[in-house]
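J.:
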Amino acid sequence: MGDGISDTHVTVDDLQDIAHRTFGDSANFGPNLSFTSIGEGSGFMSRIAVVDPNWREPAPKFAPKNFIAKISSMAGIVANFSKMDVSTFEGIDHETGNEMLRALEGNLKKLHNNEVIIYDWFYKHRIDIPKLQVYYSKSFSQHNVNKGLLLMEYKPDATSLHVWDNFAPNDLLPILRAKAKLEAWADSFPEEEKAKLKMNPFIDFYPQILNEKNVSMNFGVVEKFVNDEIKELINKTKDLGSAIYDFTFADGINKRLGMKPTFTHGDLWSSNMLMKKRDDGGYDLEALIDFQTAHWGNPATDLARLFINTLSGKDRREHWESLTETFYEYLKEEFGDKELPYTLEQCKESYRQYMPTGGLLTIPMFGGLFAMVVCGDGPEEFKKHVETVLNEKLIAILEDVIEYQGKLTLTTNGTQRSE
C-alpha cells in the first residue's frame, strides 16, 4: 500500500504528468480535481476511480471530460481482509489469509502486464467488439516497480452488475457474439504475436490461491452464513478431495479432446461486463473489461464462468446447452471459410469436464458477498432478496460440482468423463 491515490503508489503529480503526455501541454488539472472510487466489492487486484480533472482553461481540445484510472494494487483486498474478524470462522486463521494475500501480490504485476498486452492488441489489430478506449497504459518493469496503471474511457451510463443481478438467457447473446469475435480475431495472429501472451492461470495463478488450505478457508467463510442444506452440500464437495482443485486437469482439456487453444478472456463474469439497462428491463453490452487472466485456453473457461455467474441456477441448467449452440453458430460466422478450432460437441464436452473447476473458482466470492451484503447495513428487503438469489445459485453450483465430478473417473491415461 502507498500514500498516493486510493492508498496506491500513484500520485496526483504522476497523473498530471501522464495527462500532459497523453492529452497535451494544456491538459492541466483544475482546483476541483476529484476522484470517485468505483468497483468496490467487484474486483480485488486494482483500485479504480473516475477522475474528474476539472480541466483549467483553455481546456485541452482532445481530452475527455472524465476518465477512469485503473491502478494495479493490493490496497483494496488488504483493506477488506483486515476488516474481517476471521477468529469467528471455525478453522480459519490470519496466517491462511495472509498466505493467499502473498500469492495474489506475487502475481499482481504479471496480471497487470497481461492486460496491457491485450489493450495494445486492441489498438494494433483492431476488433469490432464493445470495449473501452485506452488513453494510456504503463506496465510494470525493472524501471517501474510499483506504478502500473491504465487510463481508460469512462461510460457514465453503463454499469457492471452483481452476481445477484440475474440475467435473462437472451441478454447473454451479445456477450457470446463478442467472445466469438475475440476467438476469430486472435486466431489470425502470427505465432510470434501469440507468443507474447504467456499467462496460463491454471498453472501460474490458481494453484497458488486455491490450494487445499485456501479452499478449506473459503468454504469456512461461506459456511458461516448459509443454512444446513448448503452446509451439507459443502461437506459433500469437500469429500471429493483434491480432485476438485486439480487445475492440471482443467488445463489439459484441450489436449484430451483434441481442441485447438483459442483466445480466452479468463474472467468473464458479471463485474467484467459493462451493461446498459434497456427500457424493457433487459441489458445491452457496452464493454468487456478486465483482461488480466486472458490466455490461450478452452472456450468452456469463459462459457462456464459466464453462465454460472449471470444466470440463476435454474436458467443455467435449462439453457447452457442451447446458449453454447448459439455461441458456436456465432463462431462459425466469425471464422467464415477458416478452419474452426473445435467442434460443437467438443465445446459441450469441454463444458461438462470443466464444470467442477468452474464451480470451485466461483464459490470463494460467496462468503464475501454474504458478509458484505446480507450481513451489511442495507434495507432488509434488499438483503433478503440477495440472500435468496445467492442461495439458489450456490445450491445449484455445489450440486453440479458434485454431479459432474462424479461423472469423471481416473484411468491410466488421465481423467476421463464416464457416461
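All the letters of the sequence shown, read from the start, carry residue numbers 1 to 419 under UniProt numbering. We put the CB at the ideal spot given by N, CA and C, even for glycine.
Within 10 Å of its beta-carbon, does Thr-362 have 16 or more other beta-carbons around it, so buried, or fewer, so exposed?
T.: Thr-362 is buried by the Cβ-count criterion.
J.: Could you tell me whether the region 25-41 touches the region 114-121, where touching means 3 or more Cβ pairs closer than 8 Å?
T.: Segments in contact, no.
J.: Give me the Cβ distance between Ile-253 and Tyr-342, rounded to the nearest whole Å; I'm assuming they're in contact under 8 Å.
T.: Not a contact, Cβ separation roughly 10 Å.
J.: Pop quiz: Tyr-351 and Thr-326 are said to be a contact at Cβ under 8 Å. What is the actual Cβ separation, rounded to whole angstroms?
T.: With a Cβ gap of about 13 Å, Tyr-351 and Thr-326 do not count as contacting.
J.: Excluding sequence positions up to five away, which residues of its chain have a Cβ less than 8 Å from the Cβ of Ser-137?
T.: Once the five neighbours on either side are set aside, the close Cβ partners of Ser-137 are Val-116, Tyr-119, Asp-120, Leu-149, Leu-150, Leu-151.
J.: Spatial neighbours of residue 456 within its chain, please: C-beta separation below 8 Å, excluding the five flanking residues on both sides.
T.: Absent from the model: residue 456. The displayed extent of the chain is 1 to 419, so no value can be given.
J.: Please list the terminal residues of the continuous beta strand (DSSP E) segment that includes Gly-297.
T.: 295-297 is the span of the beta strand (DSSP E), which, as asked, contains Gly-297.
J.: Look at the alpha carbon of Glu-232 and the alpha carbon of Glu-399, and state the distance between them as a whole number of angstroms.
T.: Going by the C-alpha atoms only, they are around 11 Å apart.
J.: With which residues is Phe-307 paired in a DSSP beta bridge?
T.: Phe-307 pairs with nothing; no bridge assigned.
J.: Can you round the beta-carbon distance between Leu-240 and Gln-405 to whole angstroms, since I take them to be within the 8 Å contact cut?
T.: Their Cβ separation, rounded to whole angstroms, is 5 Å, which keeps Leu-240 and Gln-405 in contact under 8 Å.
J.: Starting from Asp-171, follow the alpha helix (DSSP H) in both directions and report where the run begins and ends.
T.: Looking at the DSSP string, Asp-171 is not in any alpha helix (DSSP H), and its letter there is neither H nor E.
J.: So, at 6 Å on beta carbons, what are the nonlocal neighbours of Lys-198 in its own chain, with the 5 sequence-adjacent residues on each side left out?
T.: If we look at Lys-198 and ignore the five residues flanking it on each side, it has no Cβ neighbours.
J.: In whole angstroms, what is the alpha-carbon distance linking Ala-250 and Ser-26?
T.: Going by the C-alpha atoms only, they are around 51 Å apart.
J.: Tell me whether the beta-carbon of Pro-130 lies closer than 9 Å to the beta-carbon of Leu-331.
T.: No, the Cβ-Cβ distance between Pro-130 and Leu-331 is not below 9 Å.
J.: In the DSSP assignment, the beta strand (DSSP E) including Ile-289 goes from what residue to what residue?
T.: First-last for Ile-289: undefined, no H or E at that position.
J.: Excluding the five sequence neighbours on either side, which residues of its own chain have a C-beta within less than 6 Å of the C-beta of Asp-52, listed in chain order?
T.: Within the same chain, Asp-52 has close Cβ partners Ser-34, Asn-66.
J.: To the nearest angstrom, how far is the alpha carbon of Leu-368 from that of Glu-381?
T.: Rather than Leu, the amino acid found at residue 368 in this sequence is Gly. Answer to the nearest angstrom: the Cα atoms are 19 Å apart.
J.: Can you tell me whether DSSP reads Thr-362 as helix, strand or coil?
T.: Helix at Thr-362.
J.: Would you call Ser-242 buried or exposed, if buried means 16 or more other Cβ atoms sit within 10 Å of its Cβ?
T.: Flag for Ser-242 reads exposed.
J.: In chain order, what are the residue ranges of uninterrupted alpha helix (DSSP H) at least 4 long that sit wholly in the region 132-187?
T.: Listed in chain order, they are 173-187.
J.: Would you check if the distance between the CB atom of Arg-305 and the CB atom of Leu-268 is smaller than 9 Å?
T.: In contact: Arg-305 and Leu-268 (Cβ atoms closer than 9 Å).
J.: Out of Leu-340, Leu-303, Thr-357, Asp-165, which one is the CA nearest neighbour of residue 448?
T.: With the chain covering 1 to 419 only, the question about residue 448 has no answer from this structure.
J.: Helix, strand or coil for Phe-122, going by three-state DSSP, please let me know.
T.: Phe-122: helix per DSSP, three-state reduction.
J.: With DSSP collapsed to three states, give me the class of Thr-324.
T.: Looking at Thr-324 - three-state DSSP - the assignment turns out to be helix.
J.: What residue from Glu-229, Asn-166, Asn-298 has the CA that sits closest to His-385's CA?
T.: When each option's Cα is compared against that of His-385, the closest is Asn-166.
J.: Within 10 Å of its beta-carbon, does Arg-316 have 16 or more other beta-carbons around it, so buried, or fewer, so exposed?
T.: Classification of Arg-316: buried, given that the 10 Å Cβ count is 16 or more.
J.: Just the Cα atoms here: how many angstroms apart are Val-163 and Ser-271?
T.: Cα to Cα, Val-163 sits roughly 8 Å from Ser-271.
J.: Check whether the region 284-291 and the region 222-238 touch, using three or more Cβ-Cβ pairs below 8 Å as the test.
T.: No: the two stretches stay apart, fewer than three of their Cβ pairs being nearer than 8 Å.
J.: If I measure Cβ to Cβ from Ile-395 and keep anything under 8 Å in the same chain, skipping five residues before and after, which residues do I get?
T.: Correct list, in chain order: Glu-229, Ile-230, Leu-233, Gly-313.
J.: In the DSSP assignment, the alpha helix (DSSP H) including Ile-209 goes from what residue to what residue?
T.: Ile-209 -> alpha helix (DSSP H) spans 206-209.
J.: Check whether the region 277-284 and the region 332-340 are in contact - that is, three or more C-beta pairs closer than 8 Å.
T.: Contact between the region 277-284 and the region 332-340 is absent, because fewer than three Cβ pairs lie under 8 Å.
J.: Asp-56 by DSSP, collapsed to three states: which one?
T.: It is Arg, not Asp, that sits at residue 56 in the sequence shown. Coil.
J.: For His-265, count the other beta carbons within 10 Å of its own beta carbon; 16 or more makes it buried, fewer makes it exposed. Which is it?
T.: When all chains shown are included, His-265 counts as buried.
J.: Given Phe-29, which residues of its chain have a CB within under 6 Å of its CB, disregarding the five upstream and five downstream residues?
T.: Around Phe-29: Gln-16, Pro-53.
J.: Just to confirm before moving on: does the CB-CB distance between Leu-132 and Glu-153 stay below 9 Å?
T.: Taking 9 Å as the Cβ cut-off, Leu-132 and Glu-153 qualify as a contacting pair.
J.: Out of curiosity, what's the CA-to-CA distance linking Met-365 and Lys-110?
T.: Taking the straight line joining both Cα atoms gives about 22 Å.
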